[in-house]
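Q: Using the numbering used here, the first residue of the sequence shown is number 38, and each one after it goes up by one.
Just so you know, even glycine gets a beta-carbon here, dropped at the ideal spot from N, CA and C.
Below you will find the structure I want to go over with you.
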Amino acid sequence: MFVANSTTDTESENPRTTPGHLSLASAISLWSFKAFFGLSLGANRLLLRRQKDLISPIVKSYHVRPDLKNRIFYPENPDGVKLPLYLDVHGGGWAVGDPATDDDFCSFLAQNFNIVVVSIDYHKSPTYRYPHAVEDVAAIAHAVINDNSLNIARNQVALGGFSAGGNLAFAAAQMDCLRGRLSGLVGFYPSLDLSESVEEKLSHRPRDAPSDILKSSANLLASAYIPPGVDRRDPFISPRWADMNDLPSSVYLIGAEYDMLCNEAQQMAQSLAKNSAAESKRIGIATLPQGYGWQQGGIRWECARGKKHAFTHITKHGEKEVERMKFCQGMYSRVGWWLKEDVWARPN
38 MFVANSTTDT ESENPRTTPG HLSLASAISL WSFKAFFGLS LGANRLLLRR
88 QKDLISPIVK SYHVRPDLKN RIFYPENPDG VKLPLYLDVH GGGWAVGDPA
138 TDDDFCSFLA QNFNIVVVSI DYHKSPTYRY PHAVEDVAAI AHAVINDNSL
188 NIARNQVALG GFSAGGNLAF AAAQMDCLRG RLSGLVGFYP SLDLSESVEE
238 KLSHRPRDAP SDILKSSANL LASAYIPPGV DRRDPFISPR WADMNDLPSS
288 VYLIGAEYDM LCNEAQQMAQ SLAKNSAAES KRIGIATLPQ GYGWQQGGIR
338 WECARGKKHA FTHITKHGEK EVERMKFCQG MYSRVGWWLK EDVWARPN
């Protein structure tokens, strides 16, 4: 379906390319990270009670990737009408996590907006490096869209993801099997430009920003995902460098103000808006503080004020957790309404 660009010896010396294979120290660090994340995630799921109002998903594999299990969230649909489809891709630095990571989001979107939501799995690095995960997401998304057992409206399909999942969503959206099949694309604090150094990314953050949780792991995770000698400006690795015409005309990008990935998401939103709606007037988003969001044509940008990377998934305690969930659900609602009243309300 998709083959990564080949490189010559000269190209592999490009500073934008990934260095050689992981050193022993890096490999130990990465597998330690994976083990710690796995244990933490497991403990978190054991200690935290599953919310009673969450939809219990159906777990399903597709023949294109029979070893990967995906989670399908069905809302109540007594009339049996065909429902829109949202395809979700979880984050985790291309190395960790699973579809259950996004259960809260998927259930919320399905319940509150009458959408069938499918959370897609993919193979993880470093065992499976680029382009495996992109191909996994594209292949499974294509299989879901063509799944006759799902009562879905195939002209109302959106794809989105969190962090590295956002990267994979924007990469997969460019692939031939999905181009023209997606009416909307969503990125929650996505990694969109792996050609920019960590130092450059950090320089874009507000001066008073607290420490960035990605600072110590970003290089390790990127090197584990990207094979040696591959140009990091390949648009399937860094969608920031994609031909904007290869992406859907309706895109919702959300950044976290204190996240080093925020600037690249905002810059991509600017490029998309310039490309697709040069004559459209840019308007603010009424429910957001002034300067923290806008829409131009089919492109929408939102900056989560005072938030760090992964704020949607890092739980807190007591009232702070109540506030976090309220903030996230408000943001999820804006995405849901945008899909229902803007993207999917247009005549096809």
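(1) Hey, Leu105 and Asp184 are a contact pair by Cβ (cut 8 Å); roughly how many whole angstroms apart?
(2) Residues in its own chain within less than 6 Å of His346 by CB, not counting five upstream and five downstream?
(3) Start and end of the alpha helix (DSSP H) containing Lys363?
(4) If you pair each beta-carbon of the segment 355 to 367 with each one of the segment 208 to 217, do three or more pairs fall below 8 Å?
(5) Along the chain, where does the beta strand (DSSP E) containing Gly330 start, and where does it finish?
(6) Among the residues of its own chain, which have a CB less than 8 Å from the CB of Val153, if the five just before and after it don't count?
(7) Would you report the Cα separation of Ala261 and Gly373, rounded to the nearest angstrom?
(8) Within this structure, are the beta carbons of Ser156 and Ile92 separated by less than 8 Å?
(9) Under three-state DSSP, which class holds Asp379?
(10) Between His169 and Ile351, what straight-line distance do the alpha-carbon atoms span, to the nearest angstrom?
(11) In its own chain, which residues sit with a C-beta less than 7 Å from the C-beta of Gly321, not counting the 5 before and 5 after it?
(12) Identify which residue in Ser254, Pro247, Ser248 and Gly130 has its Cα closest to the Cα of Ala201.
(13) Using only the alpha-carbon positions, how far apart do Arg218 and Gly266 sit?
(14) Helix, strand or coil for Asp249, going by three-state DSSP, please let me know.
(15) Could you tell me how far apart the beta carbons of Gly334 and Ala310 are, in whole angstroms, since I believe they sit closer than 8 Å?
(16) Within the same chain, show all residues whose beta-carbon is closer than 7 Å to that of Ser308, passing over the 5 residues directly before and after it, in chain order.
(17) Hey, out of Val101, Phe199 and Glu237, whose CA is closest to Ala175's CA?
(18) Classify Pro136 as helix, strand or coil using the three-state DSSP reduction.
(19) Nearest CA to the CA of Ile263: which residue from Ser248, Ser232 and Arg244?
(20) For the beta strand (DSSP E) that Val194 lies in, which residues bound it at each end?
(21) Measuring alpha carbon to alpha carbon, tell me which of Ala64, Ser313 and Val118 ends up nearest Arg191.
(22) Does DSSP classify Leu146 as helix, strand or coil?
(23) Comparing C-alpha positions only, which one of Asp158, Ala180 and Trp338 sits nearest to Leu222?
(24) So Asp245 and Ser275 are supposed to be a Cβ contact under 8 Å. How far apart are they, rounded?
(25) Restricting to Cα atoms, I'd like to know which of Val126, Leu298, Ser317 and Lys161 is closest to Ala393.
(26) Just reading off the alpha helix (DSSP H) that Tyr262 is part of, what are its end residues?
(27) What is the DSSP secondary structure of Asp230, counted as helix, strand or coil?
A: On the basis of the supplied data:
(1) Wrong, their Cβ atoms sit about 14 Å apart, outside the cutoff.
(2) Here His346 has Tyr226, Ile250, Leu251, Ala293 and Asp296 as same chain residues with Cβ atoms under 6 Å from its own Cβ, once five neighbours each way along the sequence are excluded.
(3) Element bounds for Lys363: Gly355 to Trp375.
(4) Two segments are said to touch when three or more pairs of C-beta atoms, one from each, lie closer than 8 Å; by this definition the segment 355 to 367 does not touch the segment 208 to 217.
(5) First-last of the beta strand (DSSP E) with Gly330: Gly330 to Gln333.
(6) Result list for Val153: Ile109, Phe110, Tyr111, Pro112, Leu120, Pro121, Leu122, Tyr123, Ala147, Leu187, Asn188 and Ile189, in chain order.
(7) C-alpha separation (whole angstroms): 34 Å.
(8) Using a Cβ distance threshold of 8 Å, Ser156 and Ile92 do not count as a contacting pair.
(9) Reduced to three states, the DSSP call for Asp379 is helix.
(10) Pairing His169 with Ile351, the inter-Cα distance amounts to about 27 Å.
(11) Answer for Gly321: Gln327, Gly330 and Trp331, listed in chain order.
(12) Closest by alpha carbon: Gly130.
(13) Taking the straight line from one Cα to the other gives about 32 Å.
(14) When DSSP states are grouped into helix, strand and coil, Asp249 belongs to the coil group.
(15) About 7 Å; that satisfies the 8 Å criterion.
(16) Result list for Ser308: Met281, in chain order.
(17) Among Val101, Phe199 and Glu237, the Cα nearest to that of Ala175 is on Val101.
(18) It is helical.
(19) Distance check between Ile263 and each of Ser248, Ser232 and Arg244 places Ser232 closest, using alpha-carbon atoms only.
(20) Element bounds for Val194: Ile189 to Phe199.
(21) That would be Val118, whose Cα lies nearest to the Cα of Arg191.
(22) Looking at Leu146 - three-state DSSP - the assignment turns out to be helix.
(23) Ranking the options by Cα distance to Leu222, first place goes to Trp338.
(24) Contact flag wrong, Cβ pair sits at about 28 Å.
(25) Given a span of 38 to 385 for the chain in the structure shown, any question on residue 393 remains unanswerable.
(26) First-last of the alpha helix (DSSP H) with Tyr262: Ala255 to Tyr262.
(27) In the structure shown, Asp230 sits in coil (DSSP, three-state: anything other than H, G, I, E or B).
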